[in-house]
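Heads up: the sequence shown begins at 730 in our numbering, then just goes up one per residue.
Where a beta carbon is used, it is the ideal one built from N, C-alpha and C, also for glycine.
These numbers were taken from a predicted model, which means no experiment stands behind them.
Here the structure is laid out as C-alpha cells; the discussion comes afterwards.
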Amino acid sequence: MAKTPSLHSPDLATKPGPAPNPATILALNVILVVWAVLQPKKPRFTLQDATIFALKVSAPNVISTNLQVTVYSRNPNSRIGIYYDKLSVYANYHNQQVTASAGIPPVYQGHKDVNVWSLFIYGNVPVAPYNGLDLSQYKSNGVVMMTIKINARVKWRFGSFVFGRYHLHVTCPVDILIGNRDEMEMKVDLAATWLPCGFFFFNFKIQMPRHYPVTITYYSRSMDVF
730 MAKTPSLHSP DLATKPGPAP NPATILALNV ILVVWAVLQP KKPRFTLQDA TIFALKVSAP
790 NVISTNLQVT VYSRNPNSRI GIYYDKLSVY ANYHNQQVTA SAGIPPVYQG HKDVNVWSLF
850 IYGNVPVAPY NGLDLSQYKS NGVVMMTIKI NARVKWRFGS FVFGRYHLHV TCPVDILIGN
910 RDEMEMKVDL AATWLPCGFF FFNFKIQMPR HYPVTITYYS RSMDVF
C-alpha cells in the first residue's frame with residue numbers, strides 16, 4: 730500500500746519564486762529617492778489665444794473648422810528638465826473631436842524654461858446630429874464653446890539621468906466670440922486670450938519583473954494663471 734505523503738513532505742513544500750533582480754530594485758530605489766528629494770512639479774499650460782478663420786456646418790451634420798491656437802507651456806522646476814514627445818493638439822466640440830490632430834516636434838524644456846507653439850488645426854468632420862444642430866444655433870448668442878486638447882508623452886531629466894514616463898492630457902476650455910453671426914463662415918480677430926488649462930491625469934509606470942508590478946497613477950486638476 731502506498732504511503733500517504735505528509736503535509737510536511739518536501740514534495741509538497743512550496744517552491745520559492747524567482748528572486749528579484751538587484752539591478753531593478755536599485756534602479757527603483759534611485760527613482761524613488763530622486764522623486765522624493767526633487768519633487769518634480771507638473772508643467773503648466775495656458776491657451777494664449779484662439780482664432781477661428783472658418784466654421785461651417787453643412788448637411789448631413791458635417792463641421793468644417795479652421796482655427797489658429799497659441800499654446801504657452803512653462804516648466805516650473807528649477808533643477809529638472811522635461812522631455813516632450815508625441816505632442817498633438819486638436820479641438821473638441823461637446824466631447825467630439827472636430828479637427829485633425831496637429832503634431833508638434835519633440836522638444837526638451839529646460840529649467841524654468843518656456844515654450845510657445847502657434848499652429849493651425851482644421852478638419853472636415855461628420856458629427857452627431859445634435860452637435861450639428863447646436864452649432865448652427867451659435868448665431869443667436871455669438872459664442873462657440875470649444876475645448877482645445879493637448880496630448881503628449883513626458884519624461885523628466887535631472888543632470889544626465891532621465892526617468893519616468895508620463896502620458897500628459899491637457900484640456901483648455903474656451904468660449905470663442907463670433908464676429909459675423911449672419912454667415913456660416915466667419916472670421917474673428919481674437920477669440921480668447923490667456924486662458925488657464927487643466928491637467929486631467931498623468932500615468933507614471935515603472936517597468937518591473939512580472940512578479941513585482943508597480944504602477945503609480947494619480948489624478949489632479951491644476952490651473953495656473955499668468
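Could you tell me the alpha carbon to alpha carbon distance between residue i and residue j, rounded to whole angstroms?
i	j	result
residue 755	residue 749	11 angstroms
residue 778	residue 829	19 angstroms
residue 887	residue 804	13 angstroms
residue 813	residue 894	10 angstroms
residue 883	residue 892	10 angstroms
residue 819	residue 751	44 angstroms
residue 783	residue 770	38 angstroms
residue 817	residue 854	18 angstroms
residue 864	residue 757	50 angstroms
residue 911	residue 831	Model confidence at residue 911 stands at a pLDDT of 46, short of 50, so the residue's coordinates are unreliable and nothing is read from them.
residue 889	residue 808	12 angstroms
residue 850	residue 787	19 angstroms
Which residues bound the beta strand (DSSP E) around residue i?
i	result
residue 770	Neither: residue 770 is in no beta strand (DSSP E) and is coded neither H nor E.
residue 749	Residue 749 -> no beta strand (DSSP E), and no H or E assigned at all.
residue 840	First-last for residue 840: undefined, no H or E at that position.
residue 820	810-822
residue 899	890-906
residue 832	831-833
residue 802	791-803
residue 876	872-887
Are the CB atoms of residue j and residue i within a distance shorter than 9 angstroms?
i	j	result
residue 858	residue 790	yes
residue 810	residue 839	yes
residue 836	residue 844	yes
residue 881	residue 815	yes
residue 821	residue 875	yes
residue 848	residue 772	no
residue 792	residue 870	no
For residue i, I'd like the list of residues in its chain whose CB is within less than 7 angstroms of its CB, leaving aside the five on either flank, ordered along the chain.
i	result
residue 776	798, 800, 877, 901, 903, 921, 924, 926
residue 806	769, 770, 840
residue 842	804
residue 827	792, 794, 820, 821, 852, 854, 856
Return the chain-ordered list of same chain residues with a C-beta closer than 6 angstroms to the C-beta of residue i, the five sequence neighbours on each side being excluded.
i	result
residue 774	802, 899, 926
residue 879	818, 899
residue 846	800, 833
residue 885	769, 809, 892, 893
residue 761	none
When you measure from the CB of residue i to every non-hydrogen atom of the ligand PLP, does any distance come out below 8 angstroms?
i	result
residue 880	Looking for the ligand PLP in the displayed structure turns up nothing, as the structure carries no ligands at all.
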